[in-house]
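Just so you know, we're using the working numbering here: the sequence shown kicks off at 373 and counts up by one. By construction, the Cβ of each residue, glycine as well, lies at the ideal position given by its N, Cα and C atoms. Right, one structure below, let's go through it.
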Amino acid sequence: MNALSAGIVVALAFFSLAQAADKKEAEWDGPQPLKGHYQVYGGTLSEKLPPTSKDRKVAFVFKGPFAKDLFNQIGPDVKAEDACSSAANYRERRRGDVDCVYTKDSGYSCYFGIDVPTGKSTYGAIC
């Protein structure tokens, strides 16, 4: 690494540290209450099958401040052609199996699911 490259790396490191110092992180204040509900099912959400010991999934819906924070953290809105709705004031963001939605009338909602036998995440909503 030549001197110019080393200088750039050092300058970027100091700049990053200075930026991090300027941003004050919120203090951790322990567990918070959740607003939402869940549904236990078998098959897929659209099939409405009863769960079994080998086919049991749980879909979660969270609303309120937690949903708003999650919505803001998971990235940009999906493209209009990929969204589940074309309604005015509808915004949707996805990351993996997490889907968050904002509407002016309903506020923020986030959906995700768990496949209980495998422990893997799955979708928690039907588009």
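- Of the residues 494, 488, 407, 487, the one whose Cα lies closest to the Cα of residue 471 is 494.
- Residue 474 places its beta carbon 7 Å or farther from that of residue 467.
- Distance from the Cα of residue 404 is smallest, within the candidate group 486, 435, 420, for 435.
- When the five nearest sequence neighbours on each side are left out, the beta carbons in the same chain lying within less than 6 Å of the beta carbon of residue 482 are those of 434, 439, 442, 472, in order along the chain.
- Straight-line spacing of the CA atoms in residue 414 and residue 427 works out to 5 Å.
- Less than 7 Å separates the beta-carbon of residue 485 from that of residue 431.
- In the structure shown, the three-state DSSP call for residue 399 is coil.
- By the criterion of a C-beta distance shorter than 6 Å, residue 476 is surrounded in its chain by 461, once the five residues flanking it on both sides are discounted.
- Counting C-beta atoms within 10 angstroms of its own C-beta, residue 429 has 16 or more neighbours from the protein chains shown and is therefore classed as buried.
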